[in-house]
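Novice: All residue numbers for the sequence shown refer to the UniProt record's numbering, where the first residue is 1 and numbers rise by one. The beta-carbon is built from N, C-alpha and C at its ideal position, and this holds for glycine as well.
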Amino acid sequence: MENEQRKMDRFDWTLAFLLFLFFVVSCLAISSAQTTSPYEVNFVKQQIFWYVIGSIIIAGCMLFEPEQYKKLSWYLYGFGILLLLFLKIAPETIAPYTNGVKSWFRFGGVSFQPSEFMKIFMILAMGRLIVDHHQKYLMKTLKTDFLLFAKIALTALVPLALVLVQPDLGTGLVLMAITAGILLVSGISWKIIIPMFLSVGLIGAGIIYVMIQFPEYLKAHIPDYQFKRIYSWLDPYSYPTKEGFNLISAMQAIGSGEITGKGYLDREVNVPENHTDFIFTVIGEEYGFIGASIVIILYFLLIFHIIRTALETNSHFNAYVCAGIISMTAFHVFENIGMSIQLLPITGIPLPFISYGGSSLMGNMFAMGIIFSIRYYHRNYMFATEDEEE
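1. Tell me, to the nearest whole angstrom, how far the beta carbon of Val174 is from that of Ile349; I am working on the premise that it is less than 8 angstroms.
2. What's the call for His332, buried or exposed, on a 16-neighbour Cβ count within 10 Å?
3. Could you check if Asp9 is buried or exposed, using at least 16 other CB atoms within 10 Å of its CB as the buried criterion?
4. Out of Ile371, Met365 and Gly357, state which residue places its alpha-carbon closest to the alpha-carbon of Val110.
5. Near Ala323, what residues of its chain come up, given a Cβ to Cβ distance below 8 angstroms and the 5 sequence neighbours on each side ignored?
6. DSSP puts Phe107 in a beta bridge; with which residues?
7. Taking contact to mean at least 3 C-beta pairs separated by less than 8 angstroms, is the segment 136-147 in contact with the segment 90-106?
8. Taking DSSP as the reference, what is the three-state secondary structure of Thr144?
9. Can you name, in chain order, every residue of its own chain whose Cβ lies under 7 angstroms from the Cβ of Glu386, other than the five neighbours on each side?
10. Select from Cys27, Leu124 and Ala59 the residue whose C-alpha is nearest the C-alpha of Ala16.
11. Is DSSP giving Thr171 helix, strand or coil here?
12. Determine the closest residue to Val116 out of Ser238, Phe280 and Leu84, with distance taken between C-alpha atoms.
13. For Phe23, which residues from the same chain have a beta carbon less than 7 angstroms from its beta carbon, with the 5 sequence-adjacent residues on both sides left out?
14. Starting from Val333, trace the alpha helix (DSSP H) both ways and give me its first and last residue.
15. Are Asn314 and Pro66 closer than 8 angstroms when you measure CB to CB?
16. Specify, as a first and last residue, the run of the alpha helix (DSSP H) that Gln68 falls within.
17. Output needed for Gly338: all residues of its chain with C-beta closer than 7 angstroms, excluding positions within five of it in sequence on either side, in chain order.
18. Suppose you measure from the CA of Leu72 to the CA of His378; what does that come to, to the nearest Å?
19. Tell me, to the nearest whole angstrom, how far the beta carbon of Leu265 is from that of Thr36; I am working on the premise that it is less than 8 angstroms.
20. Within the same chain, show all residues whose beta-carbon is closer than 6 angstroms to that of Met118, passing over the 5 residues directly before and after it, in chain order.
21. Is Ile259 closer than 8 angstroms to Ile290 when the C-beta atoms are compared?
22. Just the C-alpha distance for Pro236 and Thr98, rounded to the nearest angstrom, thanks.
23. With the cut-off set at 8 angstroms, would you say Ile279 and Ala29 are in Cβ contact?
24. Quick check: the Cα distance between residue 393 and Gly127, rounded to an integer number of angstroms?
25. Just mark residue 463 as buried or exposed, buried being the case when its beta carbon has 16 or more other beta carbons within 10 Å.
26. Shortest alpha-carbon distance to Phe121 belongs to which of Gly263, Val295, Lys70 and Asn274?
27. Quick check on DSSP: helix, strand or coil for Thr14?
28. Of the choices Ile192, Thr171 and Leu218, whose alpha-carbon is the least far from that of Ile351?
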């Protein structure tokens with residue numbers, strides 16, 4: 001009996017409660033969104049089903065200790081790479097193109113996006129890589145730090161290249177965000193990190209400058225659909241009936257919600273795909289600034305909880321994995337909300353735990369399952385004394 005009570009005490013009830021709140025928000029938003037068009041599928045029932053499967057995934061993840069994830073990390077990474085390679089060469093009968101992108105397997109009525117799981121596999125592999133590097137090179141120098149930087153970059157480059165050739169820019173950006181987050185906590189000298197980050201920032205600023213100042217040059221050197229996607233973000237009102245329609249509708253929906261919103265099911269703006277990528281527009285229109293702020297606060301609480309987990313664990317591997325999951329989740333939220341208000345370009349990144357979608361939810365629940373495992377098996381502070389650990 002005492003052993004069962006101890007297990008219950010070690011279970012992460014805070015994280016479970018946060019996920020339950022996301023489940024409620026997701027079902028409310030999706031149930032309203034699906035009234036926009038006469039869909040044949042009941043998205044709420046489907047989302048409930050995926051949450052049930054996600055809960056089973058979390059339970060399965062808790063059967064494994066973090067040390068076992070560490071041992072399996074490179075095998076999972078290799079498996080993920082093989083899936084992405086197979087996706088590239090697979091026939092269209094099982095891997096069809098959707099809007100010019102080949103990123104899904106389809107078996108009957110079931111769809112599966114391997115890149116959603118590749119994110120987690122890459123996080124685990126990077127965590128293992130950094131731990132092994134620091135154990136091998138006890139004397140830290142700029143040379144060893146450069147070597148670690150190169151290892152991390154190469155680990156990210158392989159899945160990044162396979163994702164970009166699909167082409168899936170959104171997932172590519174997520175992989176880069178994960179890599180950046182892990183680099184920041186990897187122990188690499190700031191003499192390397194700061195110049196690298198500044199270089200990336202300057203390149204990004206240069207690209208934006210070229211987009212604004214030389215549109216005709218870009219139009220001649222990139223595919224037409226990419227050109228329209230870029231400039232429908234910079235100036236959506238120049239493409240009001242096609243490429244810019246989604247963004248214009250999204251901003252109108254969120255703006256019309258004002259402070260308190262219009263109320264459940266009381267929407268007036270028709271936003272395409274508002275049950276998936278643009279789910280935040282439903283929240284903004286129906287529940288206003290207050291409702292949207294509550295959702296953002298929920299994400300802050302989730303990220304804060306994972307930060308606490310990273311600080312309380314007695315394993316550096318666990319801390320690196322937490323950093324990767326934090327980076328992934330934070331970027332997902334920032335990009336999804338940002339693209340709905342024209343802060344960032346539209347990339348097709350879903351809102352974690354709220355947008356409708358099986359693969360996205362399964363990937364996020366897999367990540368949370370690892371956090372549950374870390375909290376369950378490692379409850380001590382990284383810098384605790386031996387007495388405190390006992």
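Specialist: In short, the structure shows the following:
1. Taking a contact as a CB-CB distance under 8 angstroms, the pair Val174 and Ile349 counts as one, their CB atoms being some 7 angstroms apart.
2. Buried.
3. Exposed, by the Cβ-count rule.
4. Among Ile371, Met365 and Gly357, the Cα nearest to that of Val110 belongs to Gly357.
5. Only Gly181, Ile182, Leu184, Val185 and Ala310 meet the Cβ criterion.
6. Answer is Val110.
7. In short, these stretches do not touch, since the Cβ pair count stays below three.
8. In the structure shown, Thr144 sits in a helix (DSSP, three-state: H, G or I).
9. With a pLDDT of 38 at Glu386, under the threshold of 50, the predicted position of this residue should be treated as unreliable, though the coordinate-derived value follows. The beta carbon of Glu386 is closer than 7 angstroms to none in its chain, skipping five residues each way along the sequence.
10. Ranking the options by Cα distance to Ala16, first place goes to Ala59.
11. Residue state, collapsed to three classes: helix.
12. Checking the sequence, you will find Glu at residue 116 rather than Val. Selected option, being the one with the closest Cα: Leu84.
13. Excluding residues within five positions, the ones whose Cβ falls inside 7 angstroms are Tyr51.
14. Per DSSP, Val333 belongs to the alpha helix (DSSP H) from His316 to Ser340.
15. Going by C-beta atoms, Asn314 is not nearer than 8 angstroms to Pro66.
16. Start and end: Pro66 to Ile89.
17. Excluding sequence neighbours, Gly338 sits near Leu344.
18. Looking at the backbone, the Cα of Leu72 and that of His378 are separated by about 18 angstroms.
19. Under the criterion of beta carbons closer than 8 angstroms, Leu265 and Thr36 do not qualify as touching, at roughly 11 angstroms.
20. Within the same chain, Met118 has close Cβ partners Gly80 and Pro159.
21. It is a contact, given that the beta carbons lie within the stated cut-off.
22. Pro236 and Thr98 have their C-alpha atoms some 23 angstroms from each other.
23. Yes, the Cβ-Cβ distance between Ile279 and Ala29 is below 8 angstroms.
24. The chain is shown only over 1 to 390; residue 393 falls outside these bounds and no answer can be derived.
25. Past the boundaries of the shown model lies residue 463; the chain is included only from 1 to 390, so the question cannot be answered.
26. Nearest C-alpha to Phe121 among Gly263, Val295, Lys70 and Asn274: Lys70.
27. Thr14 falls in the helix class under three-state DSSP.
28. In the sequence on display, residue 351 carries Leu and not Ile. For the residues Ile192, Thr171 and Leu218, the minimum Cα distance to Leu351 belongs to Thr171.
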